[in-house]
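**Q** Please see the structure below; I have some questions.
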Amino acid sequence: MATVALLGTLDTKGEEYAWLREALQSLGVQTHLIDTGSFSSSELADVSSTQVIEAAGADPDALRAHRDRGEMMGVMGKGAAAVVRELAEAGTIQALLAIGGSGGSSVAAPAMQALPIGFPKLLVSTMASGDVKPYVGEVDTTLMYSVVDVAGINSVSEAVLGNAAAAVAGMAKAYEARQSRTESVHKPVIGMTMFGVTTPACTEARETLEGLGYEVLVFHATGTGGRAMEKLVESGLLAGVCDLTTTELADDLVGGVLSAGPDRLEIAGATGVPQVVSLGALDMVNFGPLDTVPPQFAERNLYVHNPTVTLMRTTTPKMAELGRRIARKLAAATGPTELFVPLRGVSAIDVDGAPFRDAEADDALFAALRDGLAGSAVVVHEVDQAINDPGFGKAVAEALDQQITRAR
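Residue 32 in numbering that gives the first Met the number 0 sits at position 33 of the sequence shown, with consecutive numbering throughout.
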């Protein structure tokens with residue numbers, strides 16, 4: 000029988016969680032209650048709040064003596080993440096459900112984000128109708144707006160929580176069934192990054208990999224796309240990474256709107272997953288509509304990609320810095336890593352006659368990469384083509400296939 004973990008503050012939300020436990024049991028699933036109440040000692044709990052604090056590596060008595068709500072929420076979130084990750088890895092639970100306001104949601108979020116993509120996770124929150132990025136992160140958390148505050152069972156909360164119970168019960172049963180199907184043979188999965196200006200190369204690489212027997216997941220390199228792909232790497236779900244489009248690094252460096260953060264391009268290397276990397280769309284930094292471009296960039300080479308996206312050409316000094324950063328990241332990789340350098344342009348608009356063609360800036364990128372990777376284990380292919388020229392994507396895909404084949 001599938002088991003749903005219920006995570007929340009059982010001292011303040013005990014009535015609601017007791018109701019949910021009964022609702023889930025009536026739907027044919029078991030429950031496992033994890034108490035994140037700061038001073039709670041609820042008899043409902045299968046994992047006590049003291050155990051959650053200890054899972055975070057903290058001392059329960061000392062933490063409670065501080066009576067610092069912010070500190071307590073941070074520790075509870077860390078401990079809850081450790082607890083649910085261990086339960087999921089052991090196969091003890093098949094879904095996670097949490098309910099709460101801003102505080103409860105902030106504790107539940109790290110636990111949700113600690114679980115792999117594909118593992119059912121549902122958060123019923125008073126915060127679900129606003130900015131939900133802090134709660135979802137880069138995983139497939141399902142959010143449900145509570146409509147009314149989580150304060151007792153009434154006609155509205157009963158309907159909402161009833162739907163939540165039914166939804167998570169169904170997800171848990173389906174997940175358990177998927178996990179028990181040992182006869183299914185899945186294709187190895189590849190993560191790939193793409194942008195509009197690298198689509199031809201990515202399409203060629205994807206079709207080549209699919210022809211070689213892989214399933215290819217394509218991520219739009221919009222910041223969240225890069226982070227989502229690397230979350231899959233971290234979850235152990237990818238056999239390899241075809242990172243053709245590393246443009247998010249330019250946004251992180253310059254201050255564009257599509258940054259994936261400073262750790263982008265490090266997860267595959269840290270986990271040893273085979274990776275082939277290129278320099279797709281590093282010639283550009285992304286902003287919104289033209290009138291949103293910061294004033295200090297008004298005289299720069301700007302290109303209106305569409306009414307909601309304005310691109311800015313990356314300068315020579317910034318390209319050199321990108322080369323240094325990429326070299327450091329790739330040189331630190333613990334697994335097989337190859338870099339494909341398109342010497343005639345890194346995007347569709349960085350070729351001869353196109354608005355972002357700047358050979359000097361590109362050469363600064365290439366030179367910094369050569370210097371930074373000299374003597375490293377990274378295999379560098381300098382290709383006398385633009386990134387979207389026929390054959391480039393195919394070569395990248397075949398190199399990744401060879402890496403994966405050798406690693407088996």
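Ideal Cβ positions, reconstructed from N, Cα and C, are used throughout, including at glycine. All values derive from a computational prediction rather than experimental measurement.
1. Could you spell out the range, first to last residue, of the beta strand (DSSP E) harbouring K317?
2. For a test of the three-state rule: what should DSSP assign to F391, helix, strand or coil?
3. Assuming E85 is part of the alpha helix (DSSP H), what are its boundary residues?
4. Which of helix, strand or coil does DSSP assign to D383?
5. Give the secondary structure of Q93 by DSSP, where H, G and I count as helix, E and B as strand, and everything else as coil.
6. Is the number of C-beta pairs between the region 278-286 and the region 231-241 that are closer than 8 Å three or more?
7. Where do the N-terminal and C-terminal ends of the alpha helix (DSSP H) with Y134 fall, by residue?
8. Let's test the definition: count the other Cβ atoms within 10 Å of the Cβ of L5 and tell me whether it reaches 16, buried, or not, exposed.
9. If I'm right that G255 touches N300 with Cβ under 8 Å, what's the distance once you round it to whole angstroms?
10. Check whether the region 162-177 touches the region 190-197, counting contact only when three or more Cβ pairs, one atom from each stretch, lie closer than 8 Å.
11. If I measure Cβ to Cβ from E182 and keep anything under 6 Å in the same chain, skipping five residues before and after, which residues do I get?
12. Could you have a look at A220 and say whether DSSP puts it in helix, strand or coil?
13. Ignoring anything shorter than 4 residues or poking outside the region 23-57, list the alpha helix (DSSP H) runs there in chain order.
14. Quick one: Cα of A44 to Cα of Y213, how far?
15. Do A347 and N387 have their C-beta atoms within less than 8 Å of each other?
16. Tell me which residue opens and which closes the beta strand (DSSP E) that A168 is part of.
17. Taking its Cβ as the centre, do 16 or more other Cβ atoms sit within 10 Å of Q295, making it buried, or is it exposed?
18. If we call anything under 8 Å between Cβ atoms a contact, is A57 one with A80?
19. Are three or more beta carbon pairs between the region 149-165 and the region 70-88 nearer than 8 Å?
20. Considering only the alpha carbon of each residue, which of A1, A326, E397 lies closest to H31?
21. For K77, is the classification buried or exposed, using 16 other Cβ atoms within 10 angstroms of its Cβ as the cut-off for buried?
**A** With the structure as the only source:
1. What you label residue 317 is simply residue 318 of the sequence shown in a count that begins at 1. Going by DSSP, K317 is part of no beta strand (DSSP E) but of the alpha helix (DSSP H) stretching over 315-330.
2. For the purposes of this step, residue 391 is taken as the residue at position 392 of the sequence shown. Note: F391 maps to helix in three-state DSSP.
3. Walking along the sequence shown from the start, residue 85 turns up at place 86. 68-88 is the extent of the alpha helix (DSSP H) around E85.
4. For the purposes of this step, residue 383 is taken as the residue at position 384 of the sequence shown. Shown here, D383 sits in coil according to DSSP, grouped into three states, outside any helix or strand.
5. By one-based count along the sequence shown, residue 93 stands at place 94. Three-state DSSP puts Q93 in coil, outside helix and strand.
6. Cβ pair count under 8 Å is below three, so no.
7. As a position in the sequence shown, residue 134 is number 135, starting the count at 1. Run containing Y134: 132-135, per the alpha helix (DSSP H) assignment.
8. Translated into positions along the sequence shown, residue 5 becomes position 6. Its Cβ being crowded by 16 or more others within 10 Å, L5 is buried.
9. Locating residue 255 in the sequence shown gives position 256, where the first residue counts as 1. Locating residue 300 in the sequence shown gives position 301, where the first residue counts as 1. No, G255 and N300 are not in contact; Cβ-Cβ is about 14 Å, not under 8 Å.
10. In short, these stretches do not touch, since the Cβ pair count stays below three.
11. Counting from one through the sequence shown, the residue named residue 182 turns up at place 183. Confidence in E182 is poor, its pLDDT being 43 and thus under 50, which makes the residue's placement too unreliable to answer from.
12. In the sequence shown, residue 220 corresponds to position 221, counting from 1. A220: coil per DSSP, three-state reduction.
13. DSSP runs (the alpha helix (DSSP H)) wholly in the region 23-57: 48-54.
14. Translated into the one-based positions of the sequence shown, residue 44 becomes position 45. Translated into the one-based positions of the sequence shown, residue 213 becomes position 214. Their backbone Cα atoms lie some 44 Å apart in a straight line.
15. The residue labelled residue 347 in the question sits at position 348 within the sequence shown. The residue labelled residue 387 in the question sits at position 388 within the sequence shown. N387 sits close to A347, with the two beta carbons spaced by under 8 Å.
16. The residue you call residue 168 lines up with position 169 of the sequence shown. Where A168 is concerned, there is no enclosing beta strand (DSSP E), although the alpha helix (DSSP H) around it starts and stops at 154-179.
17. Here residue 295 refers to the residue found at position 296 of the sequence shown. Q295 is exposed by the Cβ-count criterion.
18. The residue you call residue 57 lines up with position 58 of the sequence shown. The residue you call residue 80 lines up with position 81 of the sequence shown. No.
19. No: fewer than three Cβ pairs fall under 8 Å.
20. Translated into positions along the sequence shown, residue 31 becomes position 32. Across the set A1, A326, E397, the C-alpha of A1 shows the shortest separation from the C-alpha of H31.
21. Within the sequence shown, the letter at position 78 stands for residue 77. Only buried fits K77, as 16 or more other CB atoms lie within 10 angstroms of its CB.
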